[in-house]
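Trainee: Here it is, the structure, as structure tokens.
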Amino acid sequence: MKFLKLASLDQVYSEYFHRVKPIDETLEVPTLESLGFVCAEDVLASQNLPGFDKSLVDGYAVRSKDTIGASTNFPVMLRVAFEVKVGEEPKRAINENEAAWVATGAMLPEGANAVVMVEHTQRFDEYVEVMKPVAVGENVLRMDEDVRKNELVLAKGERIKPGHLQLLLQLGVERLKVFRRAKVGVISTGDEIVEPFVEKKSLVQVRDSNGYGLVAWLRSLHFEANRVGLCRDDEDELFRTLRSRFDEYDVLVVSGGSSIGARDFTEAAINRLGKPGVLFHGILIQPGKPTVLAIVNGKPVVGLPGNPVSFTISAKFVLIPILRKLENEKDFLFKPSGMVKLTRNVYSRQGREQFIRVKLLVRHGQVWAEPLESETAQVSNLVKAEGVIRVPPDVEGLYEGELAEFYPLWLGW
Ligand SMILES: Nc1nc2c(c(=O)[nH]1)N[C@H]1C(S)=C(S)[C@@H](COP(=O)(O)OP(=O)(O)OC[C@H]3O[C@@H](n4cnc5c(N)ncnc54)[C@H](O)[C@@H]3O)O[C@H]1N2
Ligand code: MOO
1 MKFLKLASLD QVYSEYFHRV KPIDETLEVP TLESLGFVCA EDVLASQNLP GFDKSLVDGY
61 AVRSKDTIGA STNFPVMLRV AFEVKVGEEP KRAINENEAA WVATGAMLPE GANAVVMVEH
121 TQRFDEYVEV MKPVAVGENV LRMDEDVRKN ELVLAKGERI KPGHLQLLLQ LGVERLKVFR
181 RAKVGVISTG DEIVEPFVEK KSLVQVRDSN GYGLVAWLRS LHFEANRVGL CRDDEDELFR
241 TLRSRFDEYD VLVVSGGSSI GARDFTEAAI NRLGKPGVLF HGILIQPGKP TVLAIVNGKP
301 VVGLPGNPVS FTISAKFVLI PILRKLENEK DFLFKPSGMV KLTRNVYSRQ GREQFIRVKL
361 LVRHGQVWAE PLESETAQVS NLVKAEGVIR VPPDVEGLYE GELAEFYPLW LGW
């Protein structure tokens, strides 16, 4: 009987990931099409933002010291010298005891250093009564308070998110140097696996959900993924498929056949591909244990367990971080999106890090996680679960009310 050599997830993250070499190819893309790429250069702000002292409210631009002591009973009277519309430069500076009407977003005239909200004033023709003092800078966004010229706004190794795009557009950045996307080929294995839309010849046939599902998921995360096809439980067939498609992809992924049964040929087929071959077979995680990690001629080849939940967890915590590293992302490992309280005790097999599928609930203003009870062979679990909590390898479990790290399942950025 053969047993898997198991490594901890941390060991995989350090030892295997160390051997995953980022793709060293870049391209230039229009900023408008850059979303989801990993940036290949440090981008510095070419100007200050907003670039001018900007009113944050509708009201009167004033010199703060002219409003000292103002109150409802003893308002300060200022002369309204002119108006500044949004998108126009002020006609002139304001002098002592003068104010200028400014709309939200308008530029403050020289001499003004604060804005009184219109609600705290009363207008009488050319004059305005100010009923509340304002401090220097009140209701004003300083010319460089948003972004300072030469500040780093997007670093090499950061994935470009919608927020970056908005900032880059305000700075007028037209093109960006990015790393090319990782190309992933996905092969589904198993004598029982059939194409999803053909009539099943027998009840024991299983429609390929892993292969197509992973490709769609990876594409939603901006990776260049393709389904290579189906393979029987046959070492030669799998080896030939892997070899014939090897040059097209940066990573090849094999679904199923990763355990230790007589039909499980993934490890053997990968080892025939080239050196060094399989480096890890088995990770101390549950689900996802029979994951196979190889490097062949410098490229990662990954075998994921066939059970749909195990497949998904292993893809989330092992495959996707590999793709992120290949694409030169600085923080390629996932961070928890927060801590959640458990609605009940959960037990853990010691020695294996546990990823428990959960649904989230909001109770009395706090986020709680309801652990789902299900087997890793249950595909319906993937619909019910919003994410997973991570139970460290060295604890027996977690108690009801205890805090646990939460990771959303499908998000990858
Ligand atoms: N004696 C042992 N048996 C098993 C162990 C073990 O340590 N000792 N590990 C178990 C664990 S944990 C898992 S997870 C599974 C993983 O097995 P495989 O990776 O070899 O997967 P298969 O046997 O090929 O398939 C398992 C299951 O998943 C279905 N499947 C496979 N591919 C697809 C697909 N593309 N789409 C949908 N469903 C798929 C397949 O039909 C099977 O039902 O091994 C345990 N056994
Ligand atoms: O580790 Mo398996 O992946 O329990 O389902």
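Numbering-wise, this note's numbering puts 145 at position 145 of the sequence shown, and it's gapless, one number per residue.
Even for Gly, the Cβ is constructed at its ideal location relative to N, Cα and C.
All values derive from a computational prediction rather than experimental measurement.
Measuring CB to CB, does Leu242 end up less than 8 Å from Ile285?
Mentor: Your numbering for residue 242 matches position 242 in the sequence shown. Your numbering for residue 285 matches position 285 in the sequence shown. For Leu242 and Ile285, no; Cβs fall outside 8 Å.
Trainee: May I ask you to report which of helix, strand or coil DSSP gives Met1?
Mentor: Within the sequence shown, residue 1 is the residue found at index 1, counting from 1. With a pLDDT of 41 at Met1, under the threshold of 50, the modelled position of that residue is not reliable, and the figure given next carries that caveat. Reduced to three states, the DSSP call for Met1 is coil.
Trainee: Closest to Ala99 by C-alpha separation, out of Glu88, Gly87, Asp125, would be which residue?
Mentor: One-based indexing of the sequence shown puts residue 99 at position 99. Among Glu88, Gly87, Asp125, the Cα nearest to that of Ala99 belongs to Asp125.
Trainee: Does the beta carbon of Glu192 fall short of 7 Å from some heavy atom of ligand 1?
Mentor: The residue given as residue 192 occupies position 192 in the sequence shown. Yes, ligand 1 has a heavy atom inside 7 Å of this Cβ.
Trainee: Does the segment 161-176 come close enough to the segment 24-34 to have 3 or more Cβ pairs within less than 8 Å?
Mentor: Yes: at least three Cβ pairs fall under 8 Å.
Trainee: Can you find the residues in the same chain that come closer than 6 Å, C-beta to C-beta, to Met1, ignoring five residues on each side of it along the sequence?
Mentor: As a first step, residue 1 must be located in the sequence shown, where it is residue number 1. Unreliable positioning characterises Met1 in this predicted model, as indicated by a pLDDT of 41, which lies under 50. The coordinate reading is nonetheless provided below. Counting only Cβ-Cβ distances below 6 Å, and skipping sequence neighbours, we find nothing.
Trainee: Beta-carbon within less than 8 Å of Val395's beta-carbon, same chain only, minus the 5 sequence neighbours each way: which residues are those?
Mentor: As a first step, residue 395 is located in the sequence shown; it is residue number 395 there, counting from the start. Hits under 8 Å: Ser348, Gln350.
Trainee: Following a CB-centred definition, is Thr376 positioned closer than 7 Å to any heavy atom of ligand 2?
Mentor: Taking the sequence shown and counting its residues from 1, the one referred to as residue 376 is at position 376. Result yes, Cβ under 7 Å from ligand 2.
Trainee: Since Asn226 is in the alpha helix (DSSP H), which residue starts that stretch and which ends it?
Mentor: As a working note, residue 226 is residue 226 in the sequence shown. From DSSP, Asn226 is part of no alpha helix (DSSP H) but of the beta strand (DSSP E) over 224-231.
Trainee: So the beta strand (DSSP E) Ala269 belongs to, where does it begin and stop?
Mentor: Translated into the one-based positions of the sequence shown, residue 269 becomes position 269. Careful: Ala269 lies outside any beta strand (DSSP E), inside the alpha helix (DSSP H) at 266-273.
Trainee: Confirm the yes/no value for this check: CB of Pro419, any heavy atom of ligand 2, distance under 7 Å.
Mentor: Nothing about residue 419 can be read from this structure; the chain reaches only from 1 to 413.
Trainee: Beta carbon of Asn210, beta carbon of Ser244: below 8 Å?
Mentor: The residue labelled residue 210 in the question sits at position 210 within the sequence shown. The residue labelled residue 244 in the question sits at position 244 within the sequence shown. Not in contact: Asn210 and Ser244 (Cβ atoms no closer than 8 Å).
Trainee: Going by DSSP, which residues form a beta bridge with Trp368?
Mentor: Taking the sequence shown and counting its residues from 1, one reaches residue 368 at position 368. According to DSSP, which records beta bridges pairwise, Trp368 is partnered with Lys341, Leu361.
Trainee: Ordered along the chain, which non-local residues of its own chain (more than five positions away) have a Cβ less than 7 Å from that of Arg207?
Mentor: The residue labelled residue 207 in the question sits at position 207 within the sequence shown. Taken in chain order, the residues that qualify are Val194, Pro196.
Trainee: Run the proximity test for Pro308: is its beta-carbon closer than 7 Å to any non-hydrogen atom belonging to ligand 2?
Mentor: For the purposes of this step, residue 308 is taken as the residue at position 308 of the sequence shown. Pro308 Cβ: outside cutoff for every heavy atom of ligand 2.
Trainee: Does the segment 288-308 come within contact of the segment 365-373, defined as at least 3 CB pairs closer than 8 Å?
Mentor: Contact between the segment 288-308 and the segment 365-373 is absent, because fewer than three Cβ pairs lie under 8 Å.
Trainee: Taking the alpha helix (DSSP H) that Thr241 belongs to, which residues open and close that run?
Mentor: Against the sequence shown, residue 241 aligns to sequence position 241. Where Thr241 is concerned, the enclosing alpha helix (DSSP H) stretches over 235-245.
Trainee: Taking Ser8 as the reference, give the member of Lys289, Tyr399, Gly397 with the closest Cα.
Mentor: The residue you call residue 8 lines up with position 8 of the sequence shown. Answer by Cα proximity: Lys289.
Trainee: Distance, Cα to Cα, Ala81 vs Tyr60?
Mentor: Position 81 of the sequence shown holds residue 81. Position 60 of the sequence shown holds residue 60. Each residue's Cα considered, the two are about 10 Å apart.
Trainee: Using 8 Å for Cβ pairs, my map puts Tyr407 next to Val379. What's the rounded Cβ distance?
Mentor: For the purposes of this step, residue 407 is taken as residue 407 along the sequence shown, with counting starting at 1. For the purposes of this step, residue 379 is taken as residue 379 along the sequence shown, with counting starting at 1. That belief does not hold up - the Cβ atoms of Tyr407 and Val379 are roughly 20 Å apart, past 8 Å.
Trainee: Tell me the residue span of the alpha helix (DSSP H) that contains Trp217.
Mentor: Counting from one through the sequence shown, the residue named residue 217 turns up at place 217. Its alpha helix (DSSP H) spans residues 210-220.
Trainee: Quick check on Val383: does DSSP put it in helix, strand or coil?
Mentor: If you number the sequence shown from 1, residue 383 lands on position 383. In the structure shown, Val383 sits in a helix (DSSP, three-state: H, G or I).
Trainee: Just the Cα atoms here: how many angstroms apart are Gln205 and Gln166?
Mentor: The residue given as residue 205 occupies position 205 in the sequence shown. The residue given as residue 166 occupies position 166 in the sequence shown. The alpha-carbon atoms of Gln205 and Gln166 are separated by roughly 48 Å.
Trainee: Is Val253 closer than 8 Å to Val186 when the C-beta atoms are compared?
Mentor: For the purposes of this step, residue 186 is taken as the residue at position 186 of the sequence shown. For the purposes of this step, residue 253 is taken as the residue at position 253 of the sequence shown. Contact flag set, yes.
Trainee: Given 7 Å as the limit, tell me if Gly211 has its C-beta closer than that to any heavy atom belonging to ligand 1.
Mentor: By 1-based counting over the sequence shown, the position of residue 211 is 211. Yes, the beta carbon of Gly211 sits closer than 7 Å to at least one heavy atom of ligand 1.
Trainee: Would DSSP call Glu396 helix, strand or coil?
Mentor: Here residue 396 refers to the residue found at position 396 when the sequence shown is read from its first residue. Glu396: coil per DSSP, three-state reduction.
Trainee: Flag this pair as touching only if the segment 211-228 and the segment 67-79 have three or more C-beta atom pairs under 8 Å; answer yes or no.
Mentor: Not touching, per the Cβ criterion.
Trainee: On the CB-based measure, 16 or more other CB atoms within 10 Å of its CB, does Gln366 come out buried or exposed?
Mentor: Position 366 of the sequence shown holds residue 366. Result: exposed.
Trainee: So, helix, strand or coil for Phe197, using DSSP?
Mentor: The residue labelled residue 197 in the question sits at position 197 within the sequence shown. Of the three classes helix, strand and coil, the one that applies to Phe197 here is coil, per DSSP.
Trainee: Which residue marks the beginning of the beta strand (DSSP E) containing Gln122, and which one marks its end?
Mentor: Residue mapping note: residue 122 aligns to position 122 of the sequence shown, counting from 1. 121-124 is the span of the beta strand (DSSP E), which, as asked, contains Gln122.
Trainee: Could you give the C-beta distance for Pro109 and Arg92, rounded to a whole number, given that I count them as a contact under 8 Å?
Mentor: Counted from its first residue, the sequence shown places residue 109 at position 109. Counted from its first residue, the sequence shown places residue 92 at position 92. Sure, about 7 Å apart at Cβ, within 8 Å.
Trainee: Could you tell me if the beta carbon of Pro393 falls within a distance shorter than 7 Å of some heavy atom in ligand 2?
Mentor: Residue 393 sits at position 393 when you count from the first residue of the sequence shown. Pro393: no, Cβ never under 7 Å from ligand 2.
Trainee: Nearest to Leu360 by alpha carbon, out of Thr376, Phe37, Lys384, Val346?
Mentor: Counting from 1 along the sequence shown, the entry for residue 360 is found at position 360. Leu360 has its Cα closest to that of Lys384, out of Thr376, Phe37, Lys384, Val346.
Trainee: Please report the straight-line C-alpha distance between Arg344 and Ile322, rounded to a whole angstrom.
Mentor: Walking along the sequence shown from the start, residue 344 turns up at place 344. Walking along the sequence shown from the start, residue 322 turns up at place 322. Cα to Cα, the separation comes out at about 33 Å.
Trainee: Express the C-alpha separation of Met77 and Thr104 in angstroms, rounding to a whole number.
Mentor: Here residue 104 is taken as the residue at index 104 of the sequence shown, counted from 1. Here residue 77 is taken as the residue at index 77 of the sequence shown, counted from 1. Spanning the two alpha carbons is a distance of roughly 22 Å.
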